[in-house]
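Residue numbering for the sequence shown follows my numbering, starting at 15 and increasing by one per position.
For every residue, glycine included, the Cβ atom is placed at its ideal position computed from N, Cα and C.
Everything numeric in this text was worked out from a predicted model, so none of it was measured.
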Amino acid sequence: MGKKADKLFDGFDEETKLKLQIIRLYFREWIPVFLAKRPRAFQSVFVADLFSGKGQDAKGEEGSPLIILDEFRKFFASSENVWNGTKSYLLFNDYNPKTYEELRENLKRKGEDCAQGCKLFAQNVKHRVENRPFQEVFKEYARTLKSPSTACFLLLDQYGFKEVTVELLKEIAKFPAVDLIFFVSSSAVFRFARESSKNKGTITNYIPVNPSEVEELDSSQVHRYVCRTFSQAINEPNYHFAPFSLKSQNGNINGVIFGTKNLLGLQKFLDVAWKLDGSAGEANFNINDDRDLPLFPELSVPVKWQEFKAELLDFIKENQPDNLQIYRFALLNGVATVVAKKILENLCNDNLIKIEPLVNKVKAGTFYLDYKYYKTGDRRIRVLRS
Ligand SMILES: C[S@@+](CC[C@H](N)C(=O)[O-])C[C@H]1O[C@@H](n2cnc3c(N)ncnc32)[C@H](O)[C@@H]1O
């Protein structure tokens, strides 16, 4: 194992713990979508954590593989009556032989604990551990990832960039139902940019960024930038990305990028992100540099809220959108539905917009911003400029 990974598993730092918290909270939202609903949309669920690490750190703090098992156990322990019969397959992988041995042991112990306490878990969650290079495992399981009857989640928590290339993401974005979290370190982005300036063009094989643009970037903005450029390079209008940046105590900035083809997936990720960062839904630090208390209370509205409010007003003026269009607009701008709802309330109170009902019974103050309306094309209201 590399020195970096060795150090990581000595004891997770605060930034790693927050990354793991994002993974845990997202799984808590993701699992019931596929296992608790009728009618079933998918026959099976497949989770692949392909850079697993050891499973836990030296102090026993759970890493991504054990967290994933734990969240499946929690679902089955509390949802006996709502489980819809879908089977779950979990795949873990690490190419380092020593890491793999520890991972296998940790998963065996955790798997047995989960199965002992929960019969449904024992019967319906199967896991496998591999000890191979990422590319090999990815190729072997590509058929499963491509299957329209399987809901998939892919966790790519590598260091650096070598494996998660534009080509790989293009391939994943074409698969029918793969949600994705991948890790991006801003120092790797800067390093690639520097090396690429010396050795023209190599960076674009990995990440589609422009070295001279990267040179101008503040490290706090790297994940926003990478997210935007990946989106443009992949050019798959229905595959959506959202970033979350994590600053460590020593000032380094790393982060995760979430990807999905499904607006419900994006809604769930943004719910988690805005719970952790109520100002911008994007970072564990002040990404817009706007948290100093201003002299006048009306100026204490976070920048992201102010910007979105102005964009939403323009959108309303131009489109007279219904609830489904506003739902989509909010998510694609990285705004959780709960925040969009508060902003709409605010605009109503200031008499800047008015709500036109499209069906007989419409509840005041309910803007019907949820995937359940979007999925069924259930238009309830239209929003107009006053
Ligand atoms: C950041 S750690 C994973 C941490 C883990 N996700 C967690 O949260 O507990 C990255 C791991 O990826 C493994 N790794 C790096 N490159 C790999 C590759 N090409 N194929 C498979 N595993 C790889 C390393 O051995 C290391 O254990």
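Subject >> Per-residue burial, G391 [other beta carbons within 10 Å of its own, 16 or more giving buried] >> reply: Only exposed fits G391, as fewer than 16 other CB atoms lie within 10 angstroms of its CB.
**OP:** From the DSSP output, read off the bridge partner residues of V223.
**Re:** Its beta-bridge partners do not exist; DSSP assigns none.
Original post:
Between L284 and Y388, is the Cβ-Cβ spacing less than 8 Å?
Top reply: Against a cut-off of 8 Å, the Cβ pair of Y388 and L284 comes out as no contact.
Subject >> Segment limits, alpha helix (DSSP H) that includes P46 >> reply: Segment E28 to L49, the alpha helix (DSSP H) holding P46.
Original post:
If we count Cβ pairs, one from each stretch, closer than 8 Å, do we get three or more for the region 129-143 versus the region 25-42?
Top reply: As far as the Cβ criterion goes, the region 129-143 does not touch the region 25-42, which means the pair count is below three.
Subject >> CA nearest to the CA of G77, picked from N266, D20 and S66 >> reply: The shortest Cα separation from G77 among N266, D20 and S66 belongs to S66.
Original post:
Are the Cβ atoms of S293 and D304 separated by less than 8 Å?
Top reply: For the 8 Å CB-CB criterion, S293 and D304 form a contact.
Subject >> Span of the beta strand (DSSP E) around T274 >> reply: From DSSP, the beta strand (DSSP E) with T274 extends over I267 to T274.
Original post:
Can you tell me whether V373 is buried or exposed, with buried defined as 16 or more other CB within 10 angstroms of its CB?
Top reply: Here V373 is exposed. Its C-beta has fewer than 16 other C-beta atoms within 10 Å.
Subject >> E359 versus L327: straight-line alpha-carbon distance, rounded >> reply: Approximately 13 Å, taken between the alpha carbons.
**OP:** Look up I367 in the DSSP assignment and give the residues it is bridged to.
**Re:** BP columns for I367 point to R399.
Subject >> Option nearest N298 by Cα separation, candidates K33, K355, D20 and T274 >> reply: N298 has its Cα closest to that of K33, out of K33, K355, D20 and T274.
Original post:
From which residue to which residue does the alpha helix (DSSP H) around N337 run?
Top reply: N337 to L346 is the span of the alpha helix (DSSP H), which, as asked, contains N337.
**OP:** Return the chain-ordered list of same chain residues with a C-beta closer than 7 Å to the C-beta of V376, the five sequence neighbours on each side being excluded.
**Re:** Around V376, the same chain offers R394 and I395 as residues with beta carbons nearer than 7 Å, after the five sequence neighbours per side are excluded.
Original post:
Three-state secondary structure (DSSP) at K356?
Top reply: In the three-state reduction of the DSSP assignment, K356 falls in the helix class, which pools H, G and I.
**OP:** Can you check DSSP and say which residues form a bridge with K103?
**Re:** The sequence as given places Tyr at residue 103; Lys does not occur at that position. Answer is F60 and K140.
**OP:** State the start and end residues of the unbroken beta strand (DSSP E) segment that holds L383.
**Re:** Neither: L383 is in no beta strand (DSSP E) and is coded neither H nor E.
Original post:
Taking the alpha-carbon positions, what's the E427 to N249 distance?
Top reply: Summary: the structure shown does not reach residue 427, with the chain confined to residues 15 through 400, and so no result is reported for it.
Original post:
Mapping DSSP to helix, strand and coil, what is C166?
Top reply: In the structure shown, C166 sits in a strand (DSSP, three-state: E or B).
Subject >> Contacting residues, own chain, Cβ-Cβ under 6 Å from F196 (five flanking each side not counted) >> reply: Excluding sequence neighbours, F196 sits near L170, V178 and I271.
Original post:
If you check the beta carbons only, do Y40 and K282 fall under 8 Å apart?
Top reply: Yes, the Cβ-Cβ distance between Y40 and K282 is below 8 Å.
Subject >> Residues near S200 by beta carbon distance below 6 Å, same chain, minus five either side >> reply: Cβ within range, chain order: S233, V236 and I267.
**OP:** Output the boundary residues of the alpha helix (DSSP H) element that contains K289.
**Re:** Segment L277 to L290, the alpha helix (DSSP H) holding K289.
**OP:** Go ahead and pull the three-state DSSP assignment for I82.
**Re:** Note: I82 maps to helix in three-state DSSP.
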